[in-house]
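Here the structure is laid out as structure tokens; the discussion comes afterwards.
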Amino acid sequence: MAIEINGAASQATPRPGQCLRTFLREQGNFGVKKGCDGGDCGACTVHVDGTPVHSCIYPAVRAEGKAVTTIDGLATADGLHPVQEQFLEAQGFQCGFCTAGMMMTAATFDDEQRANLPRNLKGNLCRCTGYRSIADAVCGHGPDAHGPDAHDAGADVSGAQSPAAVEPKSGQLGDNVPAPAGPAVVTGTARYALDVPADQLPGLLHLKLVRSPHPHARIVSINKAPALAVPGVVAVFTHEDAPQQLFSTAQHEHYTDDPDDTRVLDNVVRFIGQRVAAVVAESVGAAEAGARALEVEYELLDAVFTPQEAILPGAPVIHGDKDAVATRIARPLDNVVAEVHAELGSVEEGFAAADFVHEHTYRTQRVQHVAMETHSAIAWVDDDGRLMVRSSSQVPFLVKRTLVRLFDLPEESVRVVAGRVGGGFGGKQEVLTEDLVALAALALKRPVQLEFTRTEQFMATTTRHPFTIKLKAGANRDGYLTALQLDVITNTGAYGNHAPGVMFHGCGESLAVYKCVNKKVDAQAVYTNTVPAGAFRGYGLSQMIFAIESAIDELAVGIGMDPLDFRLKNMVRPGDHMLSTTPEPEEDVHYGSYGLDQCVSLVRDALDRGKERYRAAGLDDLGPEWVTGEGAALSMIDTVPPRGHFAHTRVSLEADGRFAVDVGTAEFGNGTTTVHAQLAATALGTSAYAIQVRQSDTDLVEHDTGAFGSAGTVVAGKATLAAALELATRIQTVAASLTGVPLADCRLVDGAVECGDRSVPMKEIYDAARLQGVRLATDGNWGGTPRSVAFNVHGFRVAVNTGTGELRILQSVQAADAGVVVNPRQCRGQIEGGIAQALGATLYEEVKVDDSGHVTTDILRQYHIPSFADVPRSEVYFAKTNDSTGPLGAKSMSESPFNPVAPALANAIRNATGVRFGELPIARDKIYLALRDRTLVPN
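Numbering (my numbering), first residue to last: 11 to 949.
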């Protein structure tokens, strides 16, 4: 019996053992996504005879004779399904990769199910939004919902929509413009990396990897014959077939920022999961069978798994074959990738002047990005001989540069395109798939696709760097810091991608935000035979801020001072040098605006109001076994990475009177598409709805460093604004020549130019410019300097059960200094998503590696990311500032909301229980055991 798909009988027959997800995608239903292939995330949800199922674990053969509905078929001829309309209205998505599955589940809910979303959405995960916008969408609350119907009891969101540094105009700066891709996201037609119809890639091959079972070994031999004998296997690539060129998978504007310690395929493996060989076949199944058949002989080498052991004399050397100068590894024979040693003033004198000294060792764990879309790429050689790569990447232009360098290709012979990207968080600032598909496509002259499994994401991509921070800090009774001393060891894993940058950045703004004349830092980034670390939201700051902000609270308690008052007394203010490891401040970092004091006040006031609301509602007495407490933490971040971050954009007037904006920046839920449209619309006197943004294609513009370091708004946005302003002047000039009205009296409005009492339509302007030979397309460039600083302050009020260790978050509030907020709803969503991700990293997320180097948390069922029920509603407030360096006064605000959450929560728990938790995650069992050991818990 045929399977009915979206009302039409399918002529295809499922293969034996095939799941419904892959069957549906083979029939062109690309709205069905893969996030786990284990029934854990819900991205693949479809309806079978009206019942939602996870199609990745539903045998396709069971659907024979049944009606299957995917997101592609949820709408009808009469229009969108109500749940699609609600997700559009509430903007219940960011990257959008999970959205189809979320809507397919929610579309079946009745009123009773909608009243219990924590239970009924437990099978659908979102990594971007923090779930608030999803709840508003499912319940039909709309974009501006307030009050008890939209928010948990006790939550105050009165400040959530009031940046008010500018008066918003419809479709321009300050307006809640919906994401341009919204209709495509809610209908399942938004195209991600692998959403390419089969007829566009005839002869598509699939690549699977053979990975190392050993933490450290030399490959003695590889026998390809058994793999090549598997039906369907076309080729096997090993280190003998790969370029000898050393490189780093990390991608930065300057590739020299990272050590060249990696090969595409190496004859030495340095962690369990490292790629050994690539098997290319006609199908995924054949490639997997070929990978299992490949015979590899290894010579085992000694391994080391902790950075503390790795720097001891006699420890196994992981990159001892590398030349320090050529590869930019600080001390390869000592396993040290990079290091910094600096002292400002004299910490010895500072501690001698202290009335209270706090010493503690703080530890942060490995955390995985868990972007819902796994790493993937397709490569092929087109009819003109160009290498074409379609990738899920935050940095398509840097990927192109790396491929050119690796394969010694002319720049013009490579094109890289990123479709819509299903989440990034820094994890896709790497080359982890593109080099392999390029290698195979160049050799075979056929399209080749590689898609990582969720297990590969955990064991073989990158994680957040684990930090061990020995901290000593002193303060006097007058409430001033006298000394800060930190001894830092970071675990970069088997390769040094991002190791120097994460270490230096972590030791930067975390220290620079406080005035203290005596500071000392000794930091080392160290190799181990474990899964590599890499770029992760915050880029080293979240780890260091956890330690420093925890210590700030301890100092305040030690001298008997309110922790927020202590911060207000010691934090930098305009005119103060921002110093960390050098005696002079970064010359291009300025206070473009300053709202840290406002953020502290906003959080303090919100916590006070929350306490009063709970008291008035009679909710403040939870029983004798519960203790409550409050805590806060602050953070500062430079708005752009150092040493240049470049963007080129182009803005043009099209023949239909609308505008086009070409940018290099990728969209992965960061909202840059909307921001570019709004910035251009503001400059051109029109609405974002009249602007089409084309992006993340290396053929579109000259260069874009990429969407990382929160640079999408303040770098690429600056370039877009410059181009749009120049185009506006050209349009005014054409209009003035047409009408005879002085240029100063020609004003751009939506769809036209008003010249005195005459309105000239944009279409007429376009035609006139062609006749005059005037090019109505302008270019904008920005180099990322000067830079400003952005601030975030987070506060929590919590309750802890002293008998069980249960933690309840009674109130969560964050205040942000984002300058002029381009899109308040979107910016609030970024902050809420950052809070949710940080809560996971604070309370339970951990990539665990056992004593032999195996990652043991390699599926989502073992690695707990926040689900709907785990995330409290957070109050979000914006400081009223206008930044002098950002486009139209805006500042960055995508990675920084993550940074103050962990210490704020640890400080609240400390305030409630008296116990300082200095190691993440602060899981419930750790709270119970700590309280028991303090004899607060009855045995």
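Cβ atoms here follow ideal geometry from the backbone N, Cα and C, with glycine treated the same way.
Just so you know, these numbers come straight off a predicted model, no measurement behind them.
Asked, Found
"Buried/exposed call for P26, threshold 16 Cβ in 10 Å", "exposed"
"Assigned secondary structure, M571 (DSSP; H/G/I helix, E/B strand, else coil)", "coil"
"In chain order, each beta strand (DSSP E) run of at least 3 residues that lies wholly inside the region 870-918", "884-888"
"Cα-Cα separation between E369 and P907, rounded to whole angstroms", "27 Å"
"Expected contact under 8 Å - CB spacing of G544 and A287 to nearest Å", "Not a contact, Cβ separation roughly 23 Å."
"C-alpha distance - I647 paired with H804, whole-angstrom precision", "14 Å"
"Distance between beta carbons of V447 and Q439, contact taken as under 8 Å", "Not quite, the Cβ-Cβ distance comes to about 18 Å (not below 8 Å), so this is no contact."
"Residue environment, S645, which counts as buried when at least 16 other CB atoms sit within 10 Å", "buried"
"Exposure of A693, with buried meaning 16 or more beta-carbon neighbours within 10 Å", "buried"
"Neighbourhood of D392 by C-beta distance below 6 Å, restricted to the same chain and skipping five residues each side", "M398"
"Buried versus exposed call for G585 [16 or more other C-beta atoms within 10 Å across all chains shown]", "exposed"
"Coarse secondary structure for A18, derived from DSSP in three states", "strand"
"Straight-line Cα distance separating V306 from S222", "9 Å"
"Separation of I81 from G518, as counted between CA atoms", "46 Å"
"DSSP beta-bridge partners of H475", "Its beta-bridge partners do not exist; DSSP assigns none."
"Candidates L90, A313, A561, of which the one nearest R280 by Cα", "A313"
"Nearest neighbour of G184, chosen from Q123, H686, S552 [CA to CA]", "H686"
"Close beta carbons around L574, own chain, < 7 Å, minus the five adjacent residues each side", "V610, R614, A642"
"V230 - DSSP class collapsed to helix/strand/coil", "strand"
"Burial state of H4, where buried means 16 or more other Cβ atoms lie within 10 Å", "This structure does not reach residue 4, given that the chain is present from 11 up to 949, and the question cannot be answered."
"Residue ranges of each beta strand (DSSP E) within the region 409-482, 3 or longer", "424-427, 458-461"
"Secondary structure, alpha helix (DSSP H): runs of 4+ residues fully inside the region 604-674", "606-626"
"Pairwise C-alpha distance: E559 and D827", "18 Å"
"C-alpha gap between D861 and G550, whole angstroms", "25 Å"
"Under the three-state DSSP convention, the category C837 falls into", "helix"
"Beta-bridge pairing of G106 - partner residues as DSSP gives them", "G106 is not bridged to any residue."
"Minimum C-alpha distance to D344 - residue among V886, P323, A362", "P323"
"Sheet register partners of P62 (DSSP bridge)", "H57"
"Where Q836 falls, given that 16 or more other Cβ within 10 Å makes a residue buried", "buried"
"Straight-line Cα distance separating E461 from Q28", "17 Å"
"Cβ pair L941, T852 closer than 8 Å", "no"
"Straight-line Cα distance separating D760 from H475", "48 Å"
"Own chain residues within Cβ distance below 7 Å of A779, not counting five before or after", "V744, L786"
"From Q104, T109, A914, residue whose alpha carbon lies closest to that of V42", "T109"
"Secondary structure of P771, DSSP reduced to three states", "strand"
"Reduced DSSP category for Q824 - H, G, I as helix; E, B as strand; rest coil", "strand"
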